[in-house]
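Chains as they are written, first to last, in the numbering used here: chain A, 1 to 206; chain B, 207 to 753.
Don't be surprised by glycine CBs; every beta carbon is placed ideally from N, CA and C.
Given the structure is predicted, the values throughout are model-derived calculations rather than measurements.
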Amino acid sequence: MKNNTEYITDWMKTFLDGQGTWSVKACSVNEVSALISKACLGRGLPNGHAFEMASLASVLMSDQVLMGFFVGALYETLDEPIINLDNKTLTIDHARFILSGPMAIDALVSGVETVVLRDMAWKRLITPLLINAENTYKCFFSFETIDNSVVILNHSDTKVLPDLGEPKLVPELVIEALDLLAKKTYVPSSEVSRRFGAGAGLIDID
Amino acid sequence: MNKIFINEVPLRKPKTVMKLDRLGAMFPTRMSFMRTLLRNLSQKKAIITRPTWEIDNDGFGYAVYTIKIDDRDYSLVAFTNDLDPSDRTDRVIATAWDSSYVLYDGVPDITEISRLQKNVPRQEVGRFSAKELVLSRANKSLRLFSHVVQALKRGKQPDTKMIKDIGYLMRTTAVYGNGKFGIADRNTLMNRDIISGPFMVEMLTVWMIRGFTHDLVEHLGGSKLKKNIKTYLGVGNATGLGMAPFLVTHPELLSNWMMARETGLARVRAIPILSQLQRNRILELADRVVNHLNDWEVSDKEYQIRIKSLRTEWREIGENLSSLISEEKPIDALVKFSEKFSLDCQELMVAFVLEPFGDLVDGLTCCMVSDGSMPLNPVMDISELREFIQRDWNWSIEFDFKSKKETAQFWYVSEEKLEPRLGLRYEEPGSELESPLDIARQIEKLQLDLTEGFSNVAEFLRKFPEHRSVLRRVQVMASYPYSEIRDNMISESCRPIDMLRCKLSYFGAAKFDPKSDRWVRITLAQGAPLFDELDGRDDWWLPVFSA
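In structure tokens form, the structure reads like this:
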């Protein structure tokens, strides 16, 4: 099996090259949310972060490319973030979306004025992250991209982020990639588990 | 109406109520979901029709039932097919069933029925759309189904002892809602009045399946069942571990369910005095309990001993009932009197005393819904968080997680069917993939890291992101006092059946019939109104067969 980086590099190329011609599947938001949660756990994220990522499902589903970028973020190498709070500005170097995203929202909600995310590879995911946070915490945010890898998040007095629209069909490629990580959380059956599983030994004479 | 002093009797404390063994002793109440649904359907004057009946002489084919609630139609589409007896199993790993169902949002046309026919019998392997609200399947009771058909064919009624002993013609083995396999998300139902409550569409589906099973045996038998028999025939259900983690993964919802019930209990305990009419009603219900308990027989020896003890204890309550309900604050007196008995008896008493007082408790069922998960509050001071842990989580320090006994089991998701299972940590592989249901142990770990030097939750979680989930639970518990099962879910002594019984009692299930400590058979909608009885009849708590 290829390692994560090789897999996702090939995957992303296939995904982007095939834009508009993907096989797609109608999924419920709950289904995608549950799959994201499992995939995050399979990726080794803490349960609480898996929960936060799963809560993005409905906004991510509004744009098929965003779903693909989320897969990219999920597979990228997780460097230890370097975090610095200076006065009212929080700076995170080596910011990886799936770890630093919730930290950035926590910071803004708890009174930090500005969050600077450096080395952020999947900047388009900031929009669904902030929209979800606006819906959750009932306040407004904005962001700007300084160069290729720096994003600055701020509070906003008014709503400036766009509406992303209704959930759309999900590219099968995305489901497969999420499923690959989700499967890492499943435990294969053993003799013991079969013997003690619910309903084991049942003879249906009812 | 009684003068109520609501503040006079406090709610039972979460530390008392939320123990696993007590949850595993719960009974259905008038606030249970099936009961609430049917009461509301009656009030709405819902009408059921059967626009399609394409069932052949062997009982195979499909049928459509439509119920109109307010100005919306919902249709149960039922499919039946010939099932090889060797394929008939309750286990979730089954791949074929005697019958399969979908609750459809609207009335399906022939194209839609054709689409459903290709998918519904395949259940988990099929694919569904947001027009489908619930997906389910059921197997025939081998003992009863053919007996009833044969009796009806001979122009006779079925054997009443068998009706009493079994109580259902078919048994569901799964009832899926909330987006599973592509069906509609729960959010779809948010603004649909009585259907928006917890598990209302699932209960509606089960109740309509029950009506279908009645029609099916009458179709095959060529004559009608007597009404008392039909009324007693509910829907069986076999429930295993898949349902157990729900109570842990939905803390706000669990708290709302418990809070509504406990508030109802506090209200009735505060009743100062009973009228003669109310006393008579209580005596009548107490007799019904006796008969119900006598009808409740199970093959599990330990459970049967519990039922026998309960019968004895209820007899003693019966001997003292008249005098107890003549006292001041009679319901409070009854509840206190039951406290010397088993947990089964205490929880039966709770369900019993709620029953006569619909005017005080039914309105509380509106509070049993939850609009989602409470978000993390990153602003909270760490000192405040510590106070909450000290106040609400004392119970979690009782467990010694260095002991093998307290870590003997682990929850996981099986590769075979993607369903939750419970493994033996020191005997089975896979504990490194444990599902995070070990809440008490997570609290212990959180406390170890909760040292000085952090101002608020946001700052703490930047350093310790692994505590995010359990920290949110601490915050949830501060607002939702009944949100946690106050036991160790990975202990050697954790019995999943207790969680199953708790949840099933909220559904309205009775006659719990455990087949091991991790799966149970029950009956739903036994005694419930039939399709043509949505006329306000709401007196079917702990039903007893009337010959």
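| query | result |
| --- | --- |
| Grab me the residues of residue 367(B)'s own chain with a C-beta within less than 8 Å of its C-beta, minus the 5 sequence neighbours each way, in chain order. | none |
| What separation, rounded to the nearest whole angstrom, lies between the Cα atoms of residue 720(B) and residue 371(B)? | 15 Å |
| Pick out whichever of 172(A), 44(A), 190(A) has its Cα sitting closest to the Cα of residue 21(A). | 172(A) |
| Can you pull the chain A neighbours of residue 397(B), defined as C-beta to C-beta under 8 Å? | Under the 8 Å cutoff, chain A gives no residues; its nearest Cβ is about 17 Å from residue 397(B). |
| Is it right to say residue 151(A) is buried, meaning 16 or more other beta carbons lie within 10 angstroms of its own, or is it exposed? | buried |
| Less than 8 Å between C-beta atoms, sequence neighbours within five positions excluded: which residues of the same chain meet that for residue 499(B)? | 513, 516, 517, 520 |
| Under 8 Å between beta-carbons, which chain B residues line up against residue 83(A)? List them in chain order, please. | 668 |
| Residues of the segment 315-337 of chain B in Cβ contact with chain A at a cutoff of 9 Å, in chain order, please. | 333, 334, 335, 336 |
| Leaving out five residues before and five after residue 404(B) in sequence, what residues of the same chain have Cβ atoms less than 6 Å from its Cβ? | 574, 575 |
| Comparing alpha-carbon positions, which option in 170(A), 154(A), 18(A), 139(A) lies nearest residue 36(A)? | 170(A) |
| At 8 Å on the CB atoms, spell out the chain A contacts of residue 389(B), in chain order. | 28 |
| Would you decide whether residue 753(B) is buried or exposed? Buried here means 16 or more other CB atoms lie within 10 Å of its CB. | exposed |
| Give a yes or no on whether 7 Å exceeds the smallest Cβ distance from residue 1(A) to chain B. | Low local confidence applies: a pLDDT of 47 at residue 1(A) is under 50, so the model's placement there is unreliable, with the coordinate-based value given in what follows. Closer than 7 Å: no. |
| For residue 411(B) and residue 17(A), I'd like the C-alpha separation in whole angstroms. | 45 Å |
| Just mark residue 211(B) as buried or exposed, buried being the case when its beta carbon has 16 or more other beta carbons within 10 Å. | In this predicted model, residue 211(B) has a pLDDT of only 48, less than 50, meaning its place in the structure is not dependable; the value taken from the coordinates is given anyway. By the 10 Å Cβ count, residue 211(B) comes out exposed. |
| Run through DSSP, which three-state label would residue 313(B) get? | coil |
| Assign residue 692(B) to one of three DSSP states: helix, strand, or coil. | coil |
| If we define contact as Cβ-Cβ less than 7 Å, is residue 226(B) a contact residue for chain A? | no |
| Leaving aside the five residues before and after residue 465(B) along the sequence, list all residues of the same chain whose C-beta is less than 6 Å from its C-beta, in chain order. | 688 |
| Assuming residue 267(B) and residue 286(B) form a contact by the criterion Cβ under 8 Å, report the distance between their Cβ atoms to the nearest whole angstrom. | 7 Å |
| Using only the alpha-carbon positions, how far apart do residue 259(B) and residue 300(B) sit? | 27 Å |
| So the candidates are 683(B), 219(B), 747(B), 227(B); which of them puts its Cα closest to the Cα of residue 735(B)? | 747(B) |
| What residue ranges within the segment 77-128 of chain A form continuous alpha helix (DSSP H) runs of no fewer than 4 residues, ordered along the chain? | 97-109 |
| Please give me, in chain order, every unbroken run of the beta strand (DSSP E) with length at least 3 that falls completely inside the segment 459-518 of chain B. | none |
| In chain B, which residues lie less than 7 Å from residue 101(A) when you measure between Cβ atoms? | Within chain B, no residue comes near residue 101(A); the closest Cβ sits about 11 Å away, beyond 7 Å. |
| May I have the straight-line CA-CA distance separating residue 207(B) from residue 739(B), to the nearest angstrom? | With a pLDDT of only 44 at residue 207(B), under 50, the local geometry of the prediction cannot be trusted, and the value read off the model is given with reservation. Looking at the two C-alpha atoms, the distance is approximately 28 Å. |
| Report back the beta-carbon spacing between residue 346(B) and residue 376(B) to the nearest angstrom; my notes put them in contact at under 8 Å. | 6 Å |
| Could you tell me which uninterrupted alpha helix (DSSP H) segments, each at least 4 residues in length, are contained entirely in the segment 384-428 of chain B, listed from first to last along the chain? | 406-427 |
| Considering only C-alpha positions, which residue in the set 539(B), 613(B), 494(B), 647(B) is nearest to residue 600(B)? | 647(B) |
| What is the residue span of the beta strand (DSSP E) that residue 673(B) lies within? | Counting along the chain, residue 673(B) falls outside any beta strand (DSSP E), and DSSP gives it neither H nor E. |
| The alpha helix (DSSP H) with residue 590(B) in it runs from where to where? | 588-598 |
| Under the assumption that residue 530(B) contacts residue 543(B) (Cβ atoms under 8 Å), give the Cβ distance between them as a whole number of angstroms. | 6 Å |
| Select from 556(B), 453(B), 460(B) the residue whose C-alpha is nearest the C-alpha of residue 491(B). | 556(B) |
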